[in-house]
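Everything on this sheet refers to the single structure shown next.
There are 2 protein chains.
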Amino acid sequence: MQFHYSNRIASLKASAIREILKFTADPTVISFAAGNPAPEAFPVEDVRRITAEILSEEPISALQYSLTEGYPALRDALKKRMKDVYSIGMDFDELVIVSGAQQGVELSAKALCNEGDVVICEAPSFVGALNAFRSFGAKLVGVEMEQDGINISLLEKALKENPNARMMYLIPNFQNPSGITMSFEKRKAVYELAQRYDIVILEDNPYGDLRFEGEDVPAIKTMDTDGRVIYCGSYSKILSPGLRVGYLCGHKDIIGKVIVGKQAGDVHTNILAQMICERFMTQCDLDRHIAGLKEIYKKKSSLMLHELDKHFNPKVTYTRPQGGLFIWGTLPKDCDMMAFCREAVQRKVAVVPGTAFTAQETDPTQSFRMNFSTPTDEQIIQGVEILGALTKEFC
Amino acid sequence: MQFHYSNRIASLKASAIREILKFTADPTVISFAAGNPAPEAFPVEDVRRITAEILSEEPISALQYSLTEGYPALRDALKKRMKDVYSIGMDFDELVIVSGAQQGVELSAKALCNEGDVVICEAPSFVGALNAFRSFGAKLVGVEMEQDGINISLLEKALKENPNARMMYLIPNFQNPSGITMSFEKRKAVYELAQRYDIVILEDNPYGDLRFEGEDVPAIKTMDTDGRVIYCGSYSKILSPGLRVGYLCGHKDIIGKVIVGKQAGDVHTNILAQMICERFMTQCDLDRHIAGLKEIYKKKSSLMLHELDKHFNPKVTYTRPQGGLFIWGTLPKDCDMMAFCREAVQRKVAVVPGTAFTAQETDPTQSFRMNFSTPTDEQIIQGVEILGALTKEFC
Chain A
1 MQFHYSNRIA SLKASAIREI LKFTADPTVI SFAAGNPAPE AFPVEDVRRI
51 TAEILSEEPI SALQYSLTEG YPALRDALKK RMKDVYSIGM DFDELVIVSG
101 AQQGVELSAK ALCNEGDVVI CEAPSFVGAL NAFRSFGAKL VGVEMEQDGI
151 NISLLEKALK ENPNARMMYL IPNFQNPSGI TMSFEKRKAV YELAQRYDIV
201 ILEDNPYGDL RFEGEDVPAI KTMDTDGRVI YCGSYSKILS PGLRVGYLCG
251 HKDIIGKVIV GKQAGDVHTN ILAQMICERF MTQCDLDRHI AGLKEIYKKK
301 SSLMLHELDK HFNPKVTYTR PQGGLFIWGT LPKDCDMMAF CREAVQRKVA
351 VVPGTAFTAQ ETDPTQSFRM NFSTPTDEQI IQGVEILGAL TKEFC
Chain B
396 MQFHYSNRIA SLKASAIREI LKFTADPTVI SFAAGNPAPE AFPVEDVRRI
446 TAEILSEEPI SALQYSLTEG YPALRDALKK RMKDVYSIGM DFDELVIVSG
496 AQQGVELSAK ALCNEGDVVI CEAPSFVGAL NAFRSFGAKL VGVEMEQDGI
546 NISLLEKALK ENPNARMMYL IPNFQNPSGI TMSFEKRKAV YELAQRYDIV
596 ILEDNPYGDL RFEGEDVPAI KTMDTDGRVI YCGSYSKILS PGLRVGYLCG
646 HKDIIGKVIV GKQAGDVHTN ILAQMICERF MTQCDLDRHI AGLKEIYKKK
696 SSLMLHELDK HFNPKVTYTR PQGGLFIWGT LPKDCDMMAF CREAVQRKVA
746 VVPGTAFTAQ ETDPTQSFRM NFSTPTDEQI IQGVEILGAL TKEFC
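Line by line, the protein sequences are chains A and B. As numbered in the numbering used here, residues 1 to 395 make up the first sequence, in order. As numbered in the numbering used here, residues 396 to 790 make up the second sequence, in order.
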């Protein structure tokens, strides 16, 4: 038979990253294309012990249906940590557990965006989020980034030109893919613009805990006296992405709608995973674990930057992130970026072409994303050497 | 600020069942309102051992990002079982793991239904699925049930009258909420109508393994020479609903679109849970476990029917299911069903009013759903006695 798909899904393509990830199943390919935590970053012993305890002490609770809004003890622990550590959470705020931050973004779009509504995002931005917006027929408007975050005057221009903009989607810390962190001044300016143009901000912060250099910058959500910021957090980078546990903190009215959407989406998030997160937060030393992660990623980031400095053609620029998992490289104007990425894969090094991260696939970009958390040190050294040689041939 | 929600979410209400479930958090209320497996139905020892083995043998695989389409070993085990046990799976079929059957329904709707498209469903039908369709702006057209399944001539009428019908949503085995099983003849007739009107069938079969009386009836999917049937299965009723693992088997083109939608939805289903399902299927005696479940539910169903026969006003009718978890009661025409349900809760017995399961909330119904899997035997005896007294006062 001839199948007829919905407009929303017909227009959506498989993520270029995940397609490349499949390709990197080839064990001879050095992958800088993923965004996976380092294998040594998993607290395996703790998870093993906690999980055994849960299945011994409260097995039925861990296997039975649970509440859509999430495991109450986890929600309480998270609210407390958000308040104590990040100064997040007004009286009007509520918190819902979601199946990874990806679902947090998807449900925010589901609750707030009609087909044709505009979502303003950083350019470049995280492909998974962009696809979530596209999957509800939202129109993406990208606003250029500078070294200290989104360009504020271009953002205002975009807001003026798009009165049907429903939401700004921002990743203020160690942005994916650029690695850029938004300055405190820009965060204030962004919030003021959101007030002036009466728009919701979706603040995605999966990497915020992974700062290995410089000083923490308060989240936009800390300034949120209006309830217009939805803050999206995740356990994927500090505990495990395979467990698929994230959370949204926002005005209780919005969170109420998100819960209704989640009920129709997957009823609730895997409860065993939620219980693991809760016990990990309350019974283990989370701060010490995070300190260990920072050490791992600082070392890996420094190594990759050191090798880039050594091998890359000086005409190629790249960001120097203060945290997170990614470095963003940019080829000079006259270079064919797609050909570069294709040739890199031929030589057994995978990077993600920048087109994966643009608001429109046809937007021009000379950039590509490199990840330093997944490869081993040896792979970083070897892979950057290969890429470096390529930059000298290509540019 | 004034929040603006999407049309799809603004029109969606929290499920009446889950609202009542919250109410039943009161431990003095006997709940016939849930659809939870019996606590004694969980293979706790097996899950405990398997989980420990996974976290000892392959902890990184259990915690790291995984593939959107699902854990390969689980997909293989499922394809084999579907073929061997249920005769399901043509050459053109593919299988994707989803975060519970609810997500299977939601992603099918996401892939196939535009806003305003019609989904034809049984009347009554499962509220969670109806809400998934509503959450994409689909219009629901309900078709009356008979004792052997959907009314075929009314189904044809609905197909004629709704040329923009995209999908039929059917639960052929021990339907939720009615407990009705569709006869083989009707399954054939339904498939022929789907061919004649060139429409997709979403066959939801969460309870199929839980037959405790009568003979198995082949799934509609076994007749699917065209690739127009999407079959939706689940581990929720045979292993654990808290793990949130289900699957869709359908034409590879449709499944490909579902995978793209899932990537934007939650990246992938919790991988530890998928590994638990795989080991439970391949290392434990699944058929023996299912035989044990049938014993449990046969006993509970028989007990509830016995008590209903004893206490209910003969003017109240109810179905006698051959499997599954639910009995569907119907009050005589002159009785106020909503008042009955409200008074029942006052007397500490919760049932779900039939309005939760109608295509339109304003559709008239005299029915209510009773679940026998969750309450203890004592609660079944006590609860039915209270409801029985009420039927004699009300009708």
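Each residue gets a CB set at the ideal place from its N, CA and C atoms; glycine is no exception. All figures in this text were calculated on a predicted structure; none of them were measured in a lab.
Contacts around residue i, its chain only, beta-carbon distance under 8 Å, and the 5 residues preceding and following it disregarded
i	result
Glu673 of chain B	Tyr466, Ala468, Leu469 and Ala472
Asn162 of chain A	Val118, Ile120 and Val141
Met281 of chain A	Leu74, Ala77, Leu78 and Arg81
Asp731 of chain B	Phe789
Partner residues on chain B for residue i, Cβ-Cβ distance less than 7 Å
i	result
Gly89 of chain A	By Cβ distance, chain B contributes nothing, its closest Cβ being about 17 Å from Gly89 of chain A, past 7 Å.
Met1 of chain A	Asp593, Asp621, Gly622 and Arg623
Gln103 of chain A	Gly660 and Asp661
Glu403 of chain A	No information on residue 403 of chain A is available, as it lies outside the stretch 1 to 395 that chain A covers here.
Lys257 of chain A	Tyr400 and Ile404
Contacting residues, own chain, Cβ-Cβ under 6 Å from residue i (five flanking each side not counted)
i	result
Cys232 of chain A	Ala101, Gly104, Asp204 and Leu248
Lys534 of chain B	Val513
Gly501 of chain B	The displayed chain sequence assigns Glu, not Gly, to residue 501 of chain B. Excluding residues within five positions, the ones whose Cβ falls inside 6 Å are Ala527.
Arg639 of chain B	Ser494 and Gly495
Whole-angstrom distance between residue j and residue i, CA atom to CA atom
i	j	result
Arg737 of chain B	Asp758 of chain B	19 Å
Ile666 of chain B	Pro454 of chain B	11 Å
Arg606 of chain B	Glu69 of chain A	32 Å
Glu192 of chain A	Ala420 of chain B	43 Å
Arg228 of chain A	Met485 of chain B	50 Å
Ile30 of chain A	Thr664 of chain B	26 Å
Asp604 of chain B	Arg715 of chain B	17 Å
Asp287 of chain A	Leu293 of chain A	10 Å
Ile276 of chain A	Arg166 of chain A	35 Å
Ala111 of chain A	Tyr400 of chain B	6 Å
Leu407 of chain B	Asp266 of chain A	15 Å
Val260 of chain A	Val96 of chain A	11 Å
Gly149 of chain A	Pro206 of chain A	17 Å
Leu308 of chain A	Gln274 of chain A	39 Å
Ile88 of chain A	Gly256 of chain A	19 Å
Ala109 of chain A	Phe136 of chain A	7 Å
Check whether residue i and residue j have beta carbons under 8 Å apart
i	j	result
Phe528 of chain B	Val746 of chain B	no
Gly641 of chain B	Val493 of chain B	yes
Pro43 of chain A	His289 of chain A	yes
Gly637 of chain B	Leu239 of chain A	no
Phe357 of chain A	Val127 of chain A	yes
Tyr169 of chain A	Ser125 of chain A	yes
Phe789 of chain B	Phe735 of chain B	yes
Arg764 of chain B	Pro567 of chain B	no
Glu144 of chain A	Leu154 of chain A	yes
Asp93 of chain A	Lys252 of chain A	yes
Ile199 of chain A	Ile230 of chain A	no
Range of the contiguous beta strand (DSSP E) that encloses residue i
i	result
Gly537 of chain B	Lys534 to Glu541
Asn766 of chain B	Ser762 to Asn766
Glu94 of chain A	Asp93 to Val98
Val514 of chain B	Val513 to Ala518
Limits of the unbroken alpha helix (DSSP H) element including residue i
i	result
Cys736 of chain B	Met732 to Gln741
Glu580 of chain B	Phe579 to Arg591
Thr786 of chain B	Asp772 to Phe789
Cys672 of chain B	Ile666 to Gln678
Ala62 of chain A	Pro59 to Leu63
Arg529 of chain B	Val522 to Arg529
Ile625 of chain B	Unbroken run through Ile625 of chain B is the beta strand (DSSP E), Val624 to Ser629; no alpha helix (DSSP H).
Glu556 of chain B	Ile547 to Glu556
Asp661 of chain B	Lys647 to Asp661
Within chain A, partners of residue i - CB distance below 9 Å
i	result
Leu507 of chain B	Phe3, His4, Tyr5, Ser6 and Ile9
Gly523 of chain B	Gln263, Ala264 and Val267
Contact set between residue i and chain B, taken where Cβ atoms lie within less than 8 Å
i	result
Phe42 of chain A	Pro454, Ile455, Leu458 and Gln459
Leu74 of chain A	Here the premise fails: no neighbours, minimum Cβ distance about 14 Å.
Val47 of chain A	Leu450, Pro454 and Leu458
Proximal chain A residues relative to residue i, where beta-carbon distance stays under 8 Å
i	result
Asn431 of chain B	Gln64 and Tyr65
Same chain, Cβ closer than 7 Å to residue i, five either side skipped, listed in chain order
i	result
Ser373 of chain A	Asn36, Pro37, Ala38, Tyr297, Lys300 and Leu325
Per-residue contacts from residue i into chain B (C-beta, under 9 Å)
i	result
Ala52 of chain A	Arg443, Thr446, Ala447 and Leu450
Partner residues on chain A for residue i, Cβ-Cβ distance less than 7 Å
i	result
Ile666 of chain B	Gly242
Ser494 of chain B	Ser99 and Asp266
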